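Colleague:
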Amino acid sequence: MSTAPSSAATTSADGSRRLSTRERILEAATELFYAHGIRAVSADKIIERAGITKVTFYRHFRAKDDLVVTYLESQAARERGALDAVRESADGDAEALRSFANLIGTASCQPGFRGCAFINAAAEYSDPDSAVRKVVADHRAWYRETFATMLGRIGVIDTEDAADELLMLRDGAMVAGYLGEASHVGRALAAAIFAVATTHGAELTR
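If you're matching positions, the sequence shown starts at 1 in the UniProt record's numbering and goes up one per residue.
(1) Let me check understanding here. Comparing Cα to Cα, which of PHE118, HIS60 and HIS36 lies closest to GLY112?
(2) Indicate the three-state DSSP secondary structure (helix, strand or coil) for ARG62 in the structure shown.
(3) Got a sec: is the Cβ-Cβ distance from LEU83 to anything in chain C below 7 Å?
(4) What's the gap between the Cα of ARG140 and the Cα of ALA117?
(5) Leaving out the 5 sequence neighbours to the left and right, which residues in its chain are closer than 8 Å to ALA202 when beta-carbon positions are compared?
(6) Assign THR198 to one of three DSSP states: helix, strand, or coil.
(7) Quick check on this structure: which residue in ILE52, ILE119, ALA50 and LYS64 has the alpha carbon closest to the alpha carbon of residue 238?
(8) Near GLU88, which residues of its chain fall below 7 Å by C-beta distance, leaving aside the five closest residues on each side in sequence?
(9) Would you kindly work out how many angstroms separate the C-alpha atoms of ALA107 and ARG187, rounded to a whole number?
(10) Which same chain residues, not among the five before or five after HIS60, have their C-beta less than 7 Å away from its C-beta?
(11) What whole-angstrom Cβ distance do ALA90 and ALA190 have, given they're in contact under 8 Å?
(12) Do ARG114 and TYR34 count as a contact pair if the criterion is CB distance below 7 Å?
(13) Which residues in the same chain have their Cβ closer than 7 Å to the Cβ of LEU97, if we skip the five residues on either side of it in sequence?
(14) Secondary structure at ARG114, three-state DSSP: helix, strand or coil?
(15) Starting from the C-beta of ALA50, find all residues in its chain whose C-beta is less than 7 Å away, skip the five residues before and the five after it, and write them out in chain order.
(16) SER99 and VAL86: beta carbons closer than 7 Å?
(17) For LEU169, which residues of its own chain have a beta-carbon under 8 Å away from its beta-carbon, when the five flanking residues on both sides are left out?
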């Protein structure tokens with residue numbers, strides 16, 4: 001019986017957290033994949049950035065696509081955690097949706113922003129049955145479900161259609177933030193979310 005390599009981090013003598021080898025590979029891949037595109041980044045480039053050998057790389061990831069899946073799962077966890085944190089700190093779901101729009105607007109203004117990692121990945125993997133596209137589909141399904149729950153709590157009647165519209169707005173905002181005037185994204189997205197919610201029955205004040 002074989003066991004998977006440990007991904008646990010260790011603690012150095014001064015108490016600082018040291019990344020495990022698996023985490024170092026993932027960190028290197030995350031930076032390179034997002035900045036340059038998945039197909040453009042070879043395993044050799046990741047190995048060089050992480051400062052490891054090929055043997056070490058393939059001990060942790062059998063193939064590059066396995067690393068791509070892990071990269072996207074990690075990104076999904078970060079996005080879900082960010083929205084969960086917004087919901088926990090907001091005074092209700094209406095405020096949480098506005099805060100979510102502002103969060104995307106803020107992200108769009110950060111140096112190195114290249115839009116949505118999941119849209120980018122889907123554009124590079126055309127096979128809808130691939131493991132990469134499955135991660136993308138699962139994450140988008142999570143967004144729809146979460147949006148539907150939030151919209152239902154603020155009085156929206158047709159939550160499924162409204163959630164689909166919010167996901168499209170989110171996608172468009174991410175693209176606009178990358179290609180257009182990022183400073184306007186948060187405000188425009190918040191206004192669009194407000195319009196969708198009220199169109200579908202919610203009674204909100206700006």
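Backbone N, C-alpha and C fix where the C-beta goes; we use that ideal spot for every residue, glycine too. The model shown is predicted, which means the values in this text are computed figures rather than measured ones.
Modeller: In short:
(1) Comparing Cα-Cα distances from GLY112 to each of PHE118, HIS60 and HIS36, the minimum goes to HIS36.
(2) The answer is coil: DSSP assigns ARG62 none of H, G, I, E or B.
(3) Considering every chain present, this structure includes no chain C. It has just one protein chain.
(4) Distance between ARG140 and ALA117, taken at the CA atoms: about 12 Å.
(5) Answer for ALA202: ALA94, LEU151, ILE154, GLY155 and VAL156, listed in chain order.
(6) In this structure, THR198 counts as helix in the three-state DSSP scheme.
(7) Shown here, the chain extends from 1 to 206; a query on residue 238 therefore has no answer.
(8) Once the five neighbours on either side are set aside, GLU88 has no close Cβ partner at all.
(9) Using only the alpha carbons, I get a separation of about 13 Å.
(10) Taken in chain order, the residues that qualify are PRO5, THR21, ARG22 and ILE25.
(11) Between the beta-carbon of ALA90 and that of ALA190 there is about 13 Å, and that puts the pair past the 8 Å contact cut.
(12) It is a contact, given that the beta carbons lie within the stated cut-off.
(13) Result list for LEU97: MET150 and ILE193, in chain order.
(14) In the structure shown, the three-state DSSP call for ARG114 is coil.
(15) Excluding residues within five positions, the ones whose Cβ falls inside 7 Å are ARG24, ILE25 and ALA28.
(16) Yes, Cβ-Cβ distance for SER99 and VAL86 is below 7 Å.
(17) Closer than 8 Å at the Cβ level, and outside the excluded window around LEU169, lie LEU189, ALA192, ILE193 and VAL196.
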